[in-house]
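Residue 303 in this note's numbering sits at position 284 of the sequence shown, with consecutive numbering throughout. Built from N, CA and C at the ideal position, the CB exists for glycine as well.
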Amino acid sequence: MKIVYSEGHRSHDPQTFIHRGKLVPSPERPERADILLTSATAAGHEALEAKHKDGSVLARVHTARYLDFLENGINEWLALPHAAPEIVPNTHPNRFASRYASHIVARAGFHQADTACPIGRGTWSAARSSIDIALNVGDLIASGQRRTYGLCRPPGHHACTEMAWGFCYLNNVATLAESLRLNGADRIAILDIDIHHGNGTQQIFYERPDVLTVSVHADPDSFPVFFSGYTDEIGCGAGEGFNVNIPLMHGSDDAAFVEAIAAGMQKISDFGPDVLLISLGLDAYRGDPLSVFDVSTDGFRKAASTINCFGGPVAMLQEGGYPCAELGDNLVAFLGAIDD
């Protein structure tokens, strides 16, 4: 299988991560991509470095003021007296806010949902390189590749129209879906199997009938992202019925994980997409530092075999999956089964 990567991710090396009030090392660090790339190439997959792509499609996914904040806000932030080297919000607009304020501290609170998405000098360029990966994957699909994987870092499925969230800044899979739509695909399906709900992807396509979004994830009532991912979120307006959430109990094993993915694939089969996009989180693994599931490496192999029933092209973009001894093995198991 052809896999697309970029060395551009290295410019994003977050130093701030607050977990239950405590400053701890971020699990979303450059070594993630190194582990995944080394494992995939050792398994025989062909690595292609992403070429820079025109990013005008981003304006169809994210707002202009959000893109400007991501690209240029760090300079304004660093000009503040005694500023930290990363933008980390310390105030957020509450439910009664009446306006979009212009001060960089206010904009940080508006555009960054949590403290897991600090913005440093290299964050924008890394996020753009992740978009390049996604768009290069789209080119491979357009050229006839049946199965393609993009090693996106930073990930993207929590990024909303104008909000960074949970390690994510630009929504890679939504941008790829929009690009494929512009280039002739009538219907796109997105299956998100990260342990965290794909809330950004849901929000972006919630009112659209041309992109079906399906997310299999841990019950969000007591797990991030907390505020979405419930079964009654089905889309609205023209998009009603085109958003599917399949939350699973904490502690779910291989059988429950694969059964939920099979249910999602039935929805996708009924929808009849031209292309299937996979938000490939590997953090459902039992040994992942953020996991609340009991999914094994073989569980990812079985999940990929279940997805492989789709006869059209499948593009996979990396989402979660954090440093642990088996991270690379889990990717290799998934890619091997979906490439079978």
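For residue i, three-class secondary structure by DSSP
i	result
GLU338	coil
MET182	strand
HIS130	helix
LYS72	coil
GLY256	helix
ILE54	helix
GLY169	strand
ASP240	helix
ASN85	Reading off the sequence shown, one finds Tyr at residue 85, where the question assumed Asn. Correct three-state label for TYR85: helix.
ASP313	strand
VAL80	coil
ALA204	coil
ILE123	helix
ILE209	strand
ILE214	coil
THR325	helix
LEU42	strand
Buried or exposed by the 16-neighbour rule on C-beta atoms within 10 Å, applied to residue i
i	result
ARG39	exposed
ASP289	exposed
LEU99	exposed
HIS177	buried
GLN222	buried
ALA78	exposed
ASN349	buried
ARG126	buried
Beta-carbon spacing of residue i, residue j below 8 angstroms
i	j	result
GLY175	VAL235	no
ASP69	SER148	It should be noted that the sequence gives Ala, not Asp, for residue 69. Result yes, Cβ atoms of ALA69 and SER148 sit closer than 8 angstroms.
GLY392	ASN190	This structure leaves residue 392 out entirely; the chain is present only between 20 and 359.
CYS136	CYS179	no
ILE93	ILE138	yes
LEU55	LEU170	yes
VAL76	THR167	no
VAL192	PHE242	no
GLY128	PRO104	no
ARG140	GLN337	no
SER25	PRO33	no
ALA322	VAL263	no
Presumed contact (8 angstroms Cβ cut-off) between residue i and residue j, rounded CB distance
i	j	result
HIS71	ASP151	6 angstroms
ALA303	VAL294	Contact doesn't hold; Cβ gap of about 24 angstroms is too wide.
ALA274	LEU267	So it is not a contact: roughly 11 angstroms between Cβ atoms.
SER341	ARG51	Strictly speaking, residue 341 in this sequence is Tyr, with Ser absent from that position. That belief holds up - the Cβ atoms of TYR341 and ARG51 are roughly 6 angstroms apart, short of 8 angstroms.
ALA59	LEU346	That belief does not hold up - the Cβ atoms of ALA59 and LEU346 are roughly 11 angstroms apart, past 8 angstroms.
TRP96	ALA132	So it is not a contact: roughly 17 angstroms between Cβ atoms.
ALA344	GLY291	Between GLY291 and ALA344 the Cβ distance is about 40 angstroms, and since that is not below 8 angstroms, they are no contact.
HIS31	THR142	5 angstroms
Any C-beta of chain B under 8 angstroms from that of residue i
i	result
ASP32	Absent from the structure: chain B. Only one protein chain is present.
Contact test: residue i Cβ vs the ligand NAD heavy atom, cutoff 7 angstroms
i	result
GLY270	With respect to the ligand NAD, the structure offers nothing, as it holds no ligand at all.
Check whether the stretch 296 to 306 and the stretch 211 to 230 touch, using three or more Cβ-Cβ pairs below 8 angstroms as the test.
yes
Count the C-beta pairs between the stretch 218 to 232 and the stretch 312 to 327 that are closer than 8 angstroms, then say yes if the count reaches three, no if not.
no
Stretch pair the stretch 194 to 209 + the stretch 153 to 167: three plus CB contacts closer than 8 angstroms:
yes
Just checking, does the stretch 221 to 230 make contact with the stretch 252 to 259 on the three C-beta pairs under 8 angstroms criterion?
yes
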